[in-house]
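**Student:** Attaching a single structure in structure tokens format; questions to follow.
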Amino acid sequence: MKFALAIYSAPYSSQAGESAYHFALALLAQGHELYRVFFYQDGVYHATELAAPPQDETNIHARWQALAQQHQVDIVVCIAAALRRGILNKEEAERYTKPSSNLAPGFTIGGLGQLLDAAVIADRLITFGS
Amino acid sequence: MAKKILLISRHAPYGTSTAKEALDALLAASVYDQDLGVLFMDDGVFQLLAMQDSAAIEQKNIAAILPVLPLYDVENIYVHWESMQQRGITTTELVLNAAQVIDSDAVSCLLAQQDQLLSF
Numbered sequence: 001m002k003f004a005l006a007i008y009s010a011p012y013s014s015q016a017g018e019s020a021y022h023f024a025l026a027l028l029a030q031g032h033e034l035y036r037v038f039f040y041q042d043g044v045y046h047a048t049e050l051a052a053p054p055q056d057e058t059n060i061h062a063r064w065q066a067l068a069q070q071h072q073v074d075i076v077v078c079i080a081a082a083l084r085r086g087i088l089n090k091e092e093a094e095r096y097t098k099p100s101s102n103l104a105p106g107f108t109i110g111g112l113g114q115l116l117d118a119a120v121i122a123d124r125l126i127t128f129g130s
Numbered sequence: 131m132a133k134k135i136l137l138i139s140r141h142a143p144y145g146t147s148t149a150k151e152a153l154d155a156l157l158a159a160s161v162y163d164q165d166l167g168v169l170f171m172d173d174g175v176f177q178l179l180a181m182q183d184s185a186a187i188e189q190k191n192i193a194a195i196l197p198v199l200p201l202y203d204v205e206n207i208y209v210h211w212e213s214m215q216q217r218g219i220t221t222t223e224l225v226l227n228a229a230q231v232i233d234s235d236a237v238s239c240l241l242a243q244q245d246q247l248l249s250f
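Chains as they are written, first to last, in the numbering used here: chain Y, 1 to 130; chain W, 131 to 250.
Structure (structure tokens):
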């Protein structure tokens, strides 16, 4: 079965993102396909490259990057939600003349259409957070 | 083939950005030629109050945006009756005339018919 996940809550503040991560591992372990993980609302904070959690805590950001790389999963943050919250890739930082960008490698920035596309393409869209 | 997709909006219009960002997602979804609907329930029914004025908190008035939904071909608009009742809201106070007020049993049927739910 083809799954897509939507994550709407910030890492560290909420359990939602970690539940989504474990759900993703479980579905991949069972041989299902993960089409996309879409980060919206405060979920876009998962994509900052600048987070520096303590050594003895889980690095939630790095885990998503590793999962995306290992399983070729599309991990996308909503552009409107990201720009509002200061998550920018290089192109957007230049467009808005910001001093730096901070989108972690592996993540891409996309429109809300990517959420709809995930709903259309995937057999199941599972929402975490909000 | 078009999928049946229902967006469920369950949060109050202000206080968190959830209602606004749900509406943004709904408007974005409307261009994808799917069988799209929206259901307002729990505190989400407060979004539909016609007499709301958010100027003092410097937020966009959600009730001013909602009437555009039919123009975006979002014609399946549902409001959960028990949520309205619990909050003392009557149908005459709603901003969307096109909204269908449905009870919990009808909500169950509606959810069962969908291919996907966008939950906010």
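The beta carbon of each residue, even a glycine, is placed where N, CA and C say it ideally should be.
1) When DSSP labels each residue in this structure, what does Tyr162/W get in the three-state scheme?
2) Keeping to the same chain, check which residues put their C-beta closer than 7 Å to that of Leu125/Y; ignore five residues upstream and five downstream.
3) Any Cβ of chain W within less than 9 Å of the Cβ of Gln41/Y?
4) Can you tell me which residues form a DSSP beta bridge with Ile7/Y?
5) Compare the C-beta of Val161/W with all C-beta atoms of chain Y and state if any pair is closer than 9 Å.
6) For Gly167/W, which three-state DSSP category applies?
7) Use the C-beta contact count for Asp42/Y: other C-beta atoms within 10 angstroms, 16 or more gives buried, fewer gives exposed.
8) Rounded to the nearest angstrom, what separates Glu205/W and Leu226/W at their Cα positions?
9) Quick check: the Cα distance between Gln182/W and Ala193/W, rounded to an integer number of angstroms?
10) Report back the beta-carbon spacing between Ile207/W and Leu199/W to the nearest angstrom; my notes put them in contact at under 8 Å.
11) Among all the DSSP beta bridges, which residues are the ones paired with Lys134/W?
12) Using a Cβ-Cβ distance under 9 Å, would Gly110/Y count as near chain W?
13) In chain order, which beta strand (DSSP E) runs of at least 3 residues are fully inside the region 59 to 106 of chain Y?
14) Rounded to whole angstroms, what is the Cα-Cα separation between Ser147/W and Leu166/W?
15) Which of the three DSSP states is assigned to Ser147/W in this structure?
16) At a Cβ cut of 8 Å, what residues of the region 72 to 86 of chain Y count as close to chain W, listed as they run along the chain?
17) Which partner residues does Gly31/Y have in the DSSP bridge list?
18) Consult DSSP for Val204/W and reduce its assignment to one of helix, strand or coil.
**Tutor:** The structure says:
1) The three-state secondary structure of Tyr162/W, taken from DSSP, is helix.
2) Once the five neighbours on either side are set aside, the close Cβ partners of Leu125/Y are Ala4, Ala6, Ala118, Ala119.
3) Closer than 9 Å to some Cβ of chain W, the Cβ of Gln41/Y qualifies, so yes.
4) Paired residue(s): Phe39/Y, Phe128/Y.
5) Yes - at least one Cβ of chain Y is within 9 Å of the one on Val161/W.
6) Here Gly167/W sits in strand by DSSP.
7) Around the beta carbon of Asp42/Y, 16 or more other beta carbons lie within 10 angstroms, which makes this residue buried.
8) Each residue's alpha carbon lies about 11 Å from the other.
9) One alpha carbon belongs to Gln182/W, the other to Ala193/W, and they sit about 7 Å apart.
10) About 6 Å separates the beta carbon of Ile207/W from that of Leu199/W, a gap short enough to meet the 8 Å contact definition.
11) When beta bridges are read from the DSSP output, Lys134/W appears opposite Asp165/W.
12) No, no contact with chain W.
13) Look at the region 59 to 106 of chain Y and you find these whole runs of beta strand (DSSP E), each 3 residues long or longer: 74 to 78.
14) Take the alpha-carbon of Ser147/W and the one of Leu166/W: they are about 22 Å apart.
15) Under the three-state reduction of DSSP, Ser147/W is assigned to coil, being neither helix nor strand.
16) Within the region 72 to 86 of chain Y, the residues whose Cβ lies closer than 8 Å to some Cβ of chain W are Ala80, Ala81, listed in chain order.
17) DSSP output for Gly31/Y lists no bridge partner at all.
18) Val204/W falls in the coil class under three-state DSSP.
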